[in-house]
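Encoded as structure tokens, the structure appears first; notes follow it.
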Amino acid sequence: MPRNLRTRAAIVLVVLIISLWYLYPPKHSINLGLDLQGGIHLVLGVETDKHVASQTDRAAEDFKAALERRGIAARRVARDGLASFVVELASPQSWNDALTVAGEFQTFDRSNEDQAAGRFTMTMQSRVVTRLRDDAVRQGVETIRNRVDQFGVAEPTITRQGTDRILIQLPGVQDPERAKALIGKTALLEFKLVDDRADAEAAVQGRVPDGDELLYQRRVDKQTKAERKIPYVVNKRTLLTGAELTRAEVNADPNSPGNWQVGIEFTANGARIFGEITEQNVGRHLAIVLDGVLQSAPRINERIPGGRAVITGQFTVDDARDLAIVLRAGALPAPVTVLEERTVGPSLGADSIRQGMIAIAASAAAVVVFMLIYYRLSGLIADVALILNLIILLACMAAFGATLTLPGIAGIALTIGMAVDTNILIFERIREEMRVGKTPRAAIDAGFSRALRTIIDTHLTVMVTAAILYNFGTGPVKGFAVSLFVGLAASLFTAYFFTRLLFDVVYMGRRRVETISI
Amino acid sequence: MIEIFRNPNYNFIGNRRWAYLLSGLITLVGLVSLFTQGLRYDIDFTGGTLVQVRFEKIPTVAAIRHALSRIGMGESIIQEFGSTNEFIIRAPLTSTSSEELTKKVEKALGDEPELGKSEIRRVEFVGPQVGKELQWQAIYAVLFGLVGILLYIALRFDLKGGVAAVVAVFHDVIVCLGALSLAHREFSLPVLAALLTIIGYSVNDTIVAYDRLRENRGKTSARGRPFALQMNDAVNQTLSRTILTALTVFFSTAILLFFGGKTLEDFAFVLFVGVITGTYSTTYVAAALVVDWTLYVEGRVGTRKKAVAKGGEARKIT
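If you read the sequences in order, they're chains A and B.
Read in the working numbering, the first sequence has 24 at position 24, and its numbers run on one by one without any break.
Read in the working numbering, the second sequence has 1215 at position 215, and its numbers run on one by one without any break.
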């Protein structure tokens, strides 16, 4: 322990200031769990198998088409199992030609070759399967996030959990049914024309021309993560929807190396409509709108036949991948099932927090009063230390962005218990040292140094337990473990620096100390 | 200066045989209850749907059941929750989604004229997969927690102390679970958190006693003093701290139990029971086991002369 009083006082002061800084303003510093403030907690399972299967189906269709283009007759091209399809040629004579076609499908491996029967199996490479599964969950998260943003929830959490799950937390939602319905709704992709004559700034003020609407494009700054909203005025009429889109893919931009682009492809009907739109509106901008959010508005340079288009821009591979994801997010790539749902009405959340908080405050107050009566001035020191302990604990939780839940409060309760125990250990030890005839100063010295060894052991054991709980537990258990671990660290800190500091200030400064108020 | 004990010298360790009997009995009662009545798991662990409804008027369970029976949910568990006009309806896992189920329940309750207006305050649905996972995670969390404690104490003190501490904690867990089963309370996630809290508390208490023992053994005055007496000294020297801390925590949890509301009740109940058993087990399970283990080892490997001397003294206090 630093002997110098000023050094210790400075350390405590710095910790206190940092803690208060994190805690200000109190309303926004600590997230309350859904059990305390009401809201929805959903865990969705993404059936990634279905995505892999549908991609395999699509590849099988492509394979069939490729064979037809080369004039190779096939008896059967069909999916067999999750990620593979069987090709049966009408005649073994076209074997070599068929292998050339197979060579074009680089993400598939050929196996079970039977040249005499003209049959082989194409199996998707496992890394591709893994990527597809990953895409399915990523797209699901993206789609749901867009939908939730549109709904207007204050601080939603939509994250991936494990390999194939999506965790959605919508705190403080007043109408849980509506929010759930929205999450379950199909996303809508629309193509609309930008009204180039309209003034976007005027529209933002509320002057939107007839037949037009105001849409925003969201841009997230890569460095600052700040989100910008760029207004666009577009025609209300929807020219084409995502129902006509068959794919969106990322490829390298052949005209500018290092840049990426997104290729989209329409169905036959979509391609016809798209051709007409582009023919009639050369020079205008076509807005690609998803869930009411404008994704991009490329300029139409010429009529686009064939139902293929590319969206170019200063895209990095991630930009392009994200854009392709939102384009594909027209519908969830794979069905989702609800694995877990907890909906707490706002009134219940308020009830439980009020009653729980009152009880916790009452028990904390009882502890404070008891310490004051039993240990007098030393009890006051312990109480001040306890408050500092709580401030540090809450500040750490705010800094980590941890969520305070009911089990988290349990962790805090145990922390308070152990912090009080720390002081009781020290004080009882000081009394004991005085009983054997030590002077007050010697008793304080001996009491602290002996009690601290015990305190370090008790705290470390429980911290080991907390660390284990954090690693093996899920949500609520994790919340408990975090607040316990942080609380014990804070308790060690206050016992080591703060309580001793106060004792030194009170008793060591004076020339003679006759008694200790303990 | 207020003091509850002044230089206490009770013979705790000497009476440990009676304590073993008591611990054995309580553990047995707990285990019997656990095996016959079992634990009532909350849907956190079993999976299923829970709907909490608040009625404007005070309803009868029969009326609620009648309303639910019309949508084929007459077998649901219906419980009063917190106040007389607030109820919890629990349905086992079905093929219907939680959303549909909630709507159906809402409609059924609304259609029953006798019930009056109602408000759905909480819906929880836990799928079978998640329930299973939570169950295993709870078991892993407790088991690995115990292993961590064992390793830490074995390293910092000795293996005997580690094993005895873990036995004591295990004893506390069984007693708490037994009490939960006897009181017909539910094992839910907050209860699990409370159980983990008790593990922390119990170990904390045990280490305080061990630490004192270790400190005393380093002193010259301890040389030649029988191990059982040394342990008894350590327990007595830390007694005032033990009682003060236990009482503080005990009263805090009592306030939570009686005034914390229904959501905190089961949680506080486990803490309430756990503080008592955790304090008890430090002396009468952990410390007592270390003493008996040490006496057993000394009796076997000690030289004949030593064994006679120590055994004689140990017998005096046992």
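For glycine and all other residues, C-beta sits at the position ideal for the given N, C-alpha and C.
Predicted model only: the values in this text are computed from it and were never measured.
Near chain B, meaning a CB-to-CB distance below 9 Å, the residues of the region 366–396 of chain A are A366, V367, F370, M371, I373, Y374, Y375 and R376. Distance between B:V1235 and B:A1287, taken at the CA atoms: about 8 Å. Proximity of A:V336 to chain B, defined by a Cβ-Cβ separation below 8 Å, is not satisfied.
Between the alpha carbons of A:N389 and B:Q1079 lies a distance of about 40 Å. Cα atoms of B:I1013 and B:L1159: separation of roughly 20 Å, rounded to the nearest angstrom. A direct Cα-to-Cα measurement between B:F1259 and A:A361 gives close to 11 Å. When 7 Å is used as the limit between beta carbons, B:M1073 is near no residue of chain A, the shortest such separation being about 18 Å. Exclusion of the five residues before and after B:I1089 leaves V1051, S1076 and I1078 as the residues of its chain whose Cβ lies within less than 6 Å of its Cβ.
At least 8 Å separates the beta-carbon of B:S1188 from that of B:L1034. Secondary structure at A:G408: helix, using DSSP grouped into helix, strand and coil.
For A:V15, the closest alpha carbon among the candidates A:I516, A:S517 and A:T494 is that of A:T494.
A:L394 and A:N259 have their C-alpha atoms spaced approximately 46 Å apart. Below the 9 Å Cβ cutoff, chain A contributes D457, L460, T461, V464 and T465 as neighbours of B:Y1152, in chain order. Taking C-beta atoms as the reference points, B:F1267 and B:A1183 fail to come closer than 8 Å.
With the criterion set as a beta carbon lying under 9 Å from some beta carbon of chain B, the region 278–293 of chain A has no members that meet it.
Using a Cβ-Cβ cut-off of 8 Å, A:S347 counts as an interface residue toward chain B, since at least one Cβ of chain B sits closer than that to its own. Unbroken alpha helix (DSSP H) runs of no fewer than 4 residues, entirely contained in the region 1151–1195 of chain B, are found at 1159–1182, following chain order. DSSP lists A:R247 and A:R308 as the bridge partner or partners of A:E265. The beta carbon of A:A443 is closer than 6 Å to those of I430, E433 and M434 in its chain, skipping five residues each way along the sequence.
Taking C-alpha positions only, B:E1099 is separated from A:I183 by approximately 12 Å. Residue range T48 to R69 is occupied by the alpha helix (DSSP H) that includes A:R58. One thing to note: A:V462 has its Cβ within 8 Å of the Cβ of B:V1203. Secondary structure at B:Q1037: coil, using DSSP grouped into helix, strand and coil.
The C-alpha of B:V1166 is placed about 17 Å away from the C-alpha of A:H459. Contact check for A:A98 against A:V87 passes: the beta carbons are separated by less than 8 Å. Your pair A:I456 and B:R1241 does not check out as a contact, with CB atoms roughly 16 Å apart and the cut at 8 Å.
For the set A:G81, A:L239 and A:N96, the Cα lying nearest the Cα of A:T121 is the one of A:G81. The criterion of a C-beta distance shorter than 8 Å is not satisfied by B:V1249 and A:T454.
Look at the region 1272–1295 of chain B: it has no residue with a C-beta under 8 Å from a C-beta of chain A. When C-beta distances to chain A are compared with 7 Å, the residues of the region 1177–1210 of chain B below that value are L1189, P1190, L1192, A1193, A1194, L1196, T1197, I1199, G1200, Y1201, V1203, N1204, I1207 and V1208, in chain order. By the Cβ neighbour-count rule, A:P156 is buried, with 16 or more other Cβ atoms within 10 Å of its own. Flagged as an interface residue toward chain B: A:A359, by a C-beta distance shorter than 8 Å.
R1122, V1123, E1124, F1125, V1126, G1127, Q1129, V1130, L1134, Q1137, Y1140, A1141, F1144, G1145 and G1148: these are the residues of the region 1122–1148 of chain B whose beta carbon lies less than 7 Å from some beta carbon of chain A, given in chain order. Boundaries of the alpha helix (DSSP H) around A:Q37: L34 to Q37.
Within the DSSP secondary-structure output, B:V1126 pairs in a beta bridge with A:E340 and B:G1048. Counting only Cβ-Cβ distances below 7 Å, B:S1240 has contacts in chain A at E428, in chain order.
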